[in-house]
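Working notes, structure below.
2 protein chains.
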Amino acid sequence: MSADSLSRVFAALADPTRRDMVARLSDGDATVNQLAEPYRMSLQAVYKHLRVLEEAGLVTRPPGPQPRAVHLETEVFDRMNDWIERYRSRAERRFSRLDTVLEAMRTDEKPEGEGQQ
Amino acid sequence: MSADSLSRVFAALADPTRRDMVARLSDGDATVNQLAEPYRMSLQAVYKHLRVLEEAGLVTRPPGPQPRAVHLETEVFDRMNDWIERYRSRAERRFSRLDTVLEAMRTDEKPEGEGQQ
DNA sequence: GTGCTTGTCAACTCAATGGTTGAAAGTGCT
DNA sequence: AGCACTTTCAACCATTGAGTTGACAAGCAC
Numbered sequence: 001m002s003a004d005s006l007s008r009v010f011a012a013l014a015d016p017t018r019r020d021m022v023a024r025l026s027d028g029d030a031t032v033n034q035l036a037e038p039y040r041m042s043l044q045a046v047y048k049h050l051r052v053l054e055e056a057g058l059v060t061r062p063p064g065p066q067p068r069a070v071h072l073e074t075e076v077f078d079r080m081n082d083w084i085e086r087y088r089s090r091a092e093r094r095f096s097r098l099d100t101v102l103e104a105m106r107t108d109e110k111p112e113g114e115g116q117q
Numbered sequence: 001m002s003a004d005s006l007s008r009v010f011a012a013l014a015d016p017t018r019r020d021m022v023a024r025l026s027d028g029d030a031t032v033n034q035l036a037e038p039y040r041m042s043l044q045a046v047y048k049h050l051r052v053l054e055e056a057g058l059v060t061r062p063p064g065p066q067p068r069a070v071h072l073e074t075e076v077f078d079r080m081n082d083w084i085e086r087y088r089s090r091a092e093r094r095f096s097r098l099d100t101v102l103e104a105m106r107t108d109e110k111p112e113g114e115g116q117q
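Top to bottom, those sequences are chains A and B.
Reading the first sequence from the start, the letters are residues 1 to 117 in full-length UniProt numbering.
Reading the second sequence from the start, the letters are residues 1 to 117 in full-length UniProt numbering.
Okay, structure coming up:
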């Protein structure tokens, strides 16, 4: 209940069925029944998965005629990417900086180094 | 236990505490005690979180002197990014193609061809 | 209207998760 | 050896999550 929005997004994608739904929706909108068809689970279960995706903001269901379409929202992907890139780049930048330091140490002096690798 | 590896990664990052750990580890390796310090939970709980991150491949703990360092692995981030980008781009490409079709309909008024690929 | 299909809600089961405490191994230092 | 610190294992509890079945509400066709 208290999960922040990023947690909801990651949690939503932690389930293989939901990732598969997202994958299929990337090919185009679908109704709940179309979505449910390949899975060996009840329609209600699929509907529940849909709710999870919806609450994570990964999917919207614009109102319309009876077979309502499920639509994939790509905006949330950006938020995930931002998070991932932020820390990946930070770690990699730090790593290359450390590399520089180690190299400086080797050329500078101190042949006492513990073989890190 | 039967979760595939992508599921484990997403599930690992679905927890705010674990995301915070990853964020902090992106600033440099840390011992478990250092990692645990800001949280109001038992050390054992932190170890559990660490295990989850470890099994997701997000973190390694190279052997060494007693307070073993926890190290962030950035490689897994690529796998996540691959997945995200794959379906984001697919959806956006489809969207722009649809856009093109719609525009063609408006300007042309008779779109007879659709099988683009 | 009657009926069929689609979509939704609710209650229930069962397994997994996040947290706890307590105890036991390892490891390092003197 | 002995002591302190780090790490892990096990049992337990509360909450969430994925799935089920059953029933109910809308929409569309006849």
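We put the beta carbon where it would ideally sit given N, CA and C, even for glycine.
query                                                                                                                                           : result
Integer Cβ distance of B/Ala91 from A/Ser26, believed to fall under 8 Å                                                                         : 4 Å
Given A/Ala12 as reference, the closest of A/Asn81, A/Ala69, A/Ala56, A/Met80 once Cα atoms are compared                                        : A/Ala56
A/Ala11 beta carbon near the ligand NAP (any heavy atom closer than 8 Å)                                                                        : As for the ligand NAP, it is missing from this structure, which has no ligand bound.
Cβ-based burial, A/Tyr47 [other Cβ within 10 Å; buried from 16]                                                                                 : exposed
3-residue-minimum beta strand (DSSP E) runs that sit fully inside the UniProt domain "HTH arsR-type" (1-92) of chain B, ordered along the chain : 69-72
For B/Arg94, three-class secondary structure by DSSP                                                                                            : helix
Supposed contact pair B/Met21 and B/Leu35 - C-beta distance, whole angstroms, cut 8 Å                                                           : 6 Å
Residues of the segment 82-94 of chain A with Cβ closer than 7 Å to any Cβ of chain B, in chain order                                           : Ile84, Tyr87, Arg88, Arg90, Ala91, Glu92, Arg94
Other residues of its chain near A/Val9: CB distance less than 8 Å, five sequence neighbours each side excluded                                 : Ala56, Gly57, Leu58, Val76, Arg79, Met80
Closest Cα partner of A/Pro62 within the set A/Ala45, A/His49, A/Val32, A/Met41                                                                 : A/Val32
Contact under 9 Å by Cβ, A/His71 with A/Asp29                                                                                                   : yes
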